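Asker:
In this note's numbering, the protein residues as written are 832 to 1106.
#1: Looking at C-alpha atoms only, which residue of 1062, 884 and 1105 is the closest neighbour of residue 970?
#2: Compute the Euclidean distance between the alpha carbons of residue 910 and residue 1101, then round it to the nearest angstrom.
#3: Which residues in the same chain as residue 852 place their Cβ atom closer than 7 angstroms to its Cβ, once the five residues preceding and following it in sequence are excluded?
#4: Identify whether residue 1055 lies in helix, strand or coil by the three-state DSSP scheme.
#5: Residue ranges of each beta strand (DSSP E) run of no fewer than 3 residues wholly in the stretch 895-928, ordered along the chain?
#6: Are the Cβ atoms of residue 978 and residue 950 separated by less than 8 angstroms?
#7: Does DSSP classify residue 978 as helix, strand or coil?
#8: If you draw a straight line from the alpha carbon of residue 1012 to that of residue 966, how long is it in whole angstroms?
#9: Do residue 1073 and residue 1067 have their C-beta atoms within less than 8 angstroms of each other?
#10: Please report the straight-line C-alpha distance between residue 1022 and residue 1077, rounded to a whole angstrom.
#11: Which of helix, strand or coil does DSSP assign to residue 973?
#12: Indicate whether residue 1024 and residue 1033 have their beta-carbon atoms separated by less than 8 angstroms.
#13: With a 10 Å radius around its C-beta and 16 neighbouring C-beta atoms as the bar for buried, classify residue 838 as buried or exposed.
#14: Short check: CB of residue 953 to CB of residue 1039, under 8 angstroms?
#15: Any contact of the stretch 887-906 with the stretch 990-1005, i.e. 3+ C-beta pairs under 8 angstroms?
#16: Jot down the residue ranges of each uninterrupted beta strand (DSSP E) in the stretch 1062-1098, minimum 3 residues, whole runs only, in chain order.
#17: For residue 1061 and residue 892, what's the separation of their Cα atoms in angstroms?
#18: Measure the Cβ-Cβ separation of residue 887 and residue 943 and say whether it is below 8 angstroms.
#19: Can you say whether residue 935 is buried or exposed, counting buried as having 16 or more other CB atoms within 10 angstroms of its CB?
#20: Tell me whether residue 876 sits in a helix, a strand or coil according to DSSP, three-state version.
#21: Would you mind reading off the limits of the alpha helix (DSSP H) that contains residue 1029?
#22: Can residue 833 and residue 914 be called in contact, C-beta distance under 8 angstroms?
#23: Return the CA-CA distance between residue 922 and residue 1001, expressed in angstroms with no decimal places.
#24: Cα separation between residue 939 and residue 842?
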């Protein structure tokens, strides 16, 4: 068996024995399906205002709940899968059994990719299935805005998944790592609000912090010009500043940069510290 195959087999065996991991994925799947049902039932009863509940228009409604909660669920699932390895000494045992630290790290990257794929596929399958069931006429799978929305969901997953990966590698305790992940989310949001109030000129720079970048990736207005126009029209009526977003390529570059940074720091941490 190849080294990759051996690492994959080890991670699958470990994952199968983690009920918390399967509960997290099950809860996410349940909420993803449940949030689609009202729109599906409405479409089966004759529809309503707005675009038909079918491909490609279906992605706005199908992806929005998962893109808001899925990345945090993935971060928690990564912590639950990774952090206990240190407390249970299975990480050290893997090295004793002949795996190098680098191999153990690669195994966790494999687990992360598998988890990301699972959380990514659930809403995609849900959307396609709902479109098949819906009586509304189906078009193409996705146009450019919908493809960007789908890709943005994947980026949001990768961003919070690697945050969970990093915290698990550094803190090595499930409860503490999840607590710090949620605390960081709150602190960054509070900090950016205070700094923006003090100096609005810093808004653009603050928008590239991980949580603020995640907020951009989860907004419909970032992907769909009509949503942006509708939101800005309402903001203009209320005397609020108009929404402005960085270029899509810039947001993608920063998100991928964070993913690479978090994985890199986790790798260096694992090489330097004892298991």
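Built from N, CA and C at the ideal position, the CB exists for glycine as well. Quick caveat, the model's predicted, so the values are computed rather than measured.
Answerer: Put simply:
#1: By 1-based counting over the chain shown, the position of residue 970 is 139. Minimum Cα distance to residue 970 is reached at 884.
#2: Stepping through the chain shown from its first residue, residue 910 is reached at position 79. Stepping through the chain shown from its first residue, residue 1101 is reached at position 270. Their Cα atoms are separated by approximately 15 angstroms.
#3: In the chain shown, the residue the question calls residue 852 occupies position 21. If we look at residue 852 and ignore the five residues flanking it on each side, its Cβ neighbours are 846, 908, 911 and 912.
#4: Locating residue 1055 in the chain shown gives position 224, counting from the first residue. Coil, per DSSP.
#5: Segments of the beta strand (DSSP E) lying fully in the stretch 895-928: there are none.
#6: As a first step, residue 978 must be located in the chain shown, where it is residue number 147. As a first step, residue 950 must be located in the chain shown, where it is residue number 119. Between residue 978 and residue 950, the C-beta spacing is not below 8 angstroms.
#7: As a working note, residue 978 is residue 147 in the chain shown. Helix, per DSSP.
#8: Here residue 1012 refers to the residue found at position 181 when the chain shown is read from its first residue. Here residue 966 refers to the residue found at position 135 when the chain shown is read from its first residue. So the two alpha carbons sit approximately 42 angstroms from each other.
#9: In the chain shown, the residue the question calls residue 1073 occupies position 242. In the chain shown, the residue the question calls residue 1067 occupies position 236. Against a cut-off of 8 angstroms, the Cβ pair of residue 1067 and residue 1073 comes out as a contact.
#10: Along the chain shown, read from residue 1 onward, the residue named residue 1022 stands at position 191. Along the chain shown, read from residue 1 onward, the residue named residue 1077 stands at position 246. Taking the straight line from one Cα to the other gives about 21 angstroms.
#11: The residue given as residue 973 occupies position 142 in the chain shown. Note: residue 973 maps to coil in three-state DSSP.
#12: As a first step, residue 1024 must be located in the chain shown, where it is residue number 193. As a first step, residue 1033 must be located in the chain shown, where it is residue number 202. No. Outside cutoff.
#13: What you label residue 838 is simply residue 7 of the chain shown in a count that begins at 1. It counts as buried.
#14: Here residue 953 corresponds to residue number 122 of the chain shown, with the count starting at 1. Here residue 1039 corresponds to residue number 208 of the chain shown, with the count starting at 1. Contact flag unset, no.
#15: The stretch 887-906, when compared against the stretch 990-1005, does touch it at the 8 angstroms Cβ threshold.
#16: none
#17: For the purposes of this step, residue 1061 is identified with residue 230 of the chain shown, where counting begins at 1. For the purposes of this step, residue 892 is identified with residue 61 of the chain shown, where counting begins at 1. Rounded to the nearest angstrom, the two C-alpha atoms are 16 angstroms apart.
#18: For the purposes of this step, residue 887 is taken as the residue at position 56 of the chain shown. For the purposes of this step, residue 943 is taken as the residue at position 112 of the chain shown. Cβ atoms of residue 887 and residue 943: not closer than 8 angstroms.
#19: Here the question's residue 935 lines up with position 104 in the chain shown. Of the residues assessed, residue 935 falls on the buried side of the cut-off, its CB having 16 or more other CB atoms within 10 angstroms.
#20: Residue numbering aside, residue 876 sits at position 45 when the chain shown is read from its first letter. Collapsing the DSSP output to three states places residue 876 in coil.
#21: For the purposes of this step, residue 1029 is taken as residue 198 along the chain shown, with counting starting at 1. Element bounds for residue 1029: 1005-1029.
#22: Locating residue 833 in the chain shown gives position 2, counting from the first residue. Locating residue 914 in the chain shown gives position 83, counting from the first residue. Result no, Cβ atoms of residue 833 and residue 914 do not sit closer than 8 angstroms.
#23: Reading the chain shown from its first residue, position 91 is the one you call residue 922. Reading the chain shown from its first residue, position 170 is the one you call residue 1001. Cα to Cα, the separation comes out at about 14 angstroms.
#24: As a working note, residue 939 is residue 108 in the chain shown. As a working note, residue 842 is residue 11 in the chain shown. Spanning the two alpha carbons is a distance of roughly 7 angstroms.
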